[in-house]
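A.B. asks:
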Amino acid sequence: MLRNIGSNIIGTILPSLAALAAVPMLVGKLGMGGFGVFSMQVAALFFFGLSDFGISRAIVLLAFDRGFTGDAGWRRPYAIGMRYSVMISTAVLLAGPVAGLVLWHWHPGQADPSDLAWSSALTFASAAFMLVSQPPRAVLEAHQRFFVANLIRGPAAAAIFLAPLAAFAFHVSLTSAAIAILATRIIAAGGYFLACRGVGAAQPAPAEVLPAQELPALRRAFLHKAIWLGLTNIFSMLLAYVDRFVLAALASAAAVGRYAIAQEVVTKLWIASGAAISAGTPRLASHRGEADTQALQVTARQLIRVMWVLGVAPAAVLIAFGEPLLRLWLRGSFDPGSVLPLQVMALGVGVNNLTQVNFALLQVHGGERRGAWLQVFHLAFMAAALALLVPRYGVPGAAFAFSARLLADAMLVRWLLRGTSPEAARAGVGMPAQLACAAGLTALLLATRW
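Going by our numbering, the sequence shown wraps up at 1133, each residue one higher than the last.
#1: Compare the beta carbon distance of Asn1041 and Leu952 with 8 Å and say whether it is the shorter of the two.
#2: Could you give the residue range of the alpha helix (DSSP H) that holds Val1112?
#3: Can you round the beta-carbon distance between Ser1021 and Ala945 to whole angstroms, since I take them to be within the 8 Å contact cut?
#4: What is the rounded straight-line gap between the Cα of Ala774 and the Cα of Phe807?
#5: Looking at the unbroken alpha helix (DSSP H) that takes in Gly874, where does it start and where does it end?
#6: Apart from the five residues on each side of it in sequence, which residues of its chain come closer than 8 Å, Cβ to Cβ, to Leu1037?
#7: Quick one: what's got a C-beta closer than 7 Å to Gly1080's C-beta in the same chain, skipping five residues either side?
#8: Which one of Ile862, Leu1095, Ser1104 and Phe918 has the shortest CA to CA distance from Ala1066?
#9: State buried or exposed for Val822, treating a residue as buried only when at least 16 other CB atoms are found within 10 Å of its CB.
#10: Can you give me the C-alpha to C-alpha distance between Gln1039 and Thr982, rounded to a whole angstrom?
#11: So, is Arg820 buried or exposed, given that buried needs 16 or more other C-beta atoms within 10 angstroms?
#12: What is the DSSP secondary structure of Gly1077, counted as helix, strand or coil?
#13: What residue range is occupied by the uninterrupted alpha helix (DSSP H) comprising Asp798?
#14: Just to confirm, are Gly732 and Leu814 a CB contact at a threshold of 8 Å?
#15: Just the Cα atoms here: how many angstroms apart are Arg1010 and Ile1002?
#16: Is Tyr924 closer than 8 Å to Phe730 when the C-beta atoms are compared?
#17: Which of helix, strand or coil does DSSP assign to Trp1098?
#18: What's the call for Val855, buried or exposed, on a 16-neighbour Cβ count within 10 Å?
#19: For the stretch 715-722 against the stretch 924-937, do three or more pairs of beta-carbon atoms, one drawn from each stretch, fall closer than 8 Å, so that the two count as touching?
#20: Identify the continuous alpha helix (DSSP H) that holds Thr950 and give its terminal residues.
#21: Can at least three beta-carbon pairs, one atom from the stretch 1082-1089 and one from the stretch 955-970, be found at a separation below 8 Å?
#22: Is Val720 near Ala842, with beta carbons less than 8 Å apart?
#23: I'd like the list of long-range same chain contacts for Gln817, defined as Cβ closer than 7 Å, with 5 residues on each side in sequence excluded.
#24: Hey, could you find the ends of the alpha helix (DSSP H) Gly1031 is sitting in?
#25: Relative to the C-alpha of Cys1005, which candidate in Pro707, Gly957 and Leu1127 has its C-alpha closest?
#26: Less than 8 Å separating the beta-carbons of Gly764 and Phe905?
#27: Are the CB atoms of Ala1043 and Leu921 nearer to each other than 8 Å?
#28: Nearest-angstrom Cα distance between Pro889 and Pro847?
#29: Along the chain, where does the alpha helix (DSSP H) containing Leu845 start, and where does it finish?
#30: With C-beta atoms as the reference, is Ala998 less than 8 Å away from Ala1029?
If you want it as structure tokens, here you go:
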């Protein structure tokens, strides 16, 4: 598992370095307001491109369920998941021109309506290609082919920031950036499909993969698994990006730019946690399917140790040295007002990194529905917090809302896990450890402000 975690981390280092290197140049080319619009389009790309209603996660989990796969193996959940992914991606593709027309007529005063409309429509097209690439990527992850998956994912993610800079050599506009990103999404999708063909034995007959007499039951079982995972995924994506759109509505595109700069650094703290959970979830699901409680606890404990080292410790570094790191990164574009938001968000993400272990255990033990309702609560919590704090405190208010939601999430996920499975509760991160983490990071933050 540690090798797979390392592969995932390496696969995310390239896009992270690309983002950190590109942001100052993007701000210089587009201006703070233009960068704010660009960051919202990237947020829309990730939201619509990754919101697959739990299809990819269901493929990973059901690939180990012999009652579902039968003799067809991973191809059965893949075939059903691919069908639904194509349907969703078609809807997203058709929504692009509609979004473009809306933004043509109702756009920020400082934005070029034509540029905004075309770039937004192209962003939806890029999201459609991201959606259809999720099932083959899920197959690679289910079979722990993380090295191959990261050979595609790393450059593709880096290209979201590097491709626009290359396009700006010919023409500086949001549309040229969107065209460049679309080209990279098409190439990445092709890479995933080619890699997926190399997994497993020879293709069985279609009737063996999806027997007609069992097809309705198989689809119902797949959707039952996917729907709650999907709702959780959608609400999580909304939570990840709603703050930018609220800032745009209540403040300005420039405020979004300043907030996105701080958030761009903080979200890099999720690199290790995301890599660890991505590598650990298939193994947790396998142990769960085999009813191997001891192996489940060993894997969970390994993940917890990884989170302390690669998730919490970097958050402490950001809190302690946020200002010099921002100065080094932004140089002439440094704004002292970004330091406090950076530190506050780092605190929340540090605690949340520990929570990821509990959330993975919750999903593996059939807690998809509870996880979805949890995200509904957090979305309402976040909306209320942003509405109260942003008008009064601006960007720092959005940062406080961001971390308050993550701290509440840590406590609630632990509570839900205790009600799901005794063995899962024993394997997960306990409440005392979470409280100690939050208290330690808070004390460090207060020490830097005095």
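All C-beta atoms, glycine included, are put in the ideal place defined by N, C-alpha and C.
C.D. replies: With the given structure in hand:
#1: no
#2: For Val1112, there is no enclosing alpha helix (DSSP H), as DSSP marks it with neither H nor E.
#3: 5 Å
#4: 10 Å
#5: Leu857 to Cys879
#6: Ile987, Met990, Trp991, Gly994, Val995, Ala1093, Val1112, Ala1116, Gln1117 and Cys1120
#7: Leu1072 and Val1073
#8: Phe918
#9: Counting Cβ neighbours within 10 Å, Val822 comes out buried, since at least 16 surround it.
#10: 14 Å
#11: buried
#12: coil
#13: Unbroken alpha helix (DSSP H) run through Asp798: Pro796 to Val815.
#14: yes
#15: 14 Å
#16: yes
#17: helix
#18: exposed
#19: yes
#20: From DSSP, Thr950 is part of no alpha helix (DSSP H); its letter is neither H nor E.
#21: no
#22: no
#23: Asp735, Ile738, Ser739 and Ser768
#24: Val1022 to Val1047
#25: Here residue 1005 is Gly; the residue named in the question, Cys, does not match the sequence. Of the listed residues, the one whose Cα sits closest to Gly1005 is Leu1127.
#26: Taking the C-beta atoms as reference points, Phe905 is found nearer than 8 Å to Gly764.
#27: no
#28: Residue placement at Pro889 is flagged as unreliable, the pLDDT there being 48, under the threshold of 50; a coordinate-derived value is accordingly withheld.
#29: Phe829 to Phe851
#30: yes
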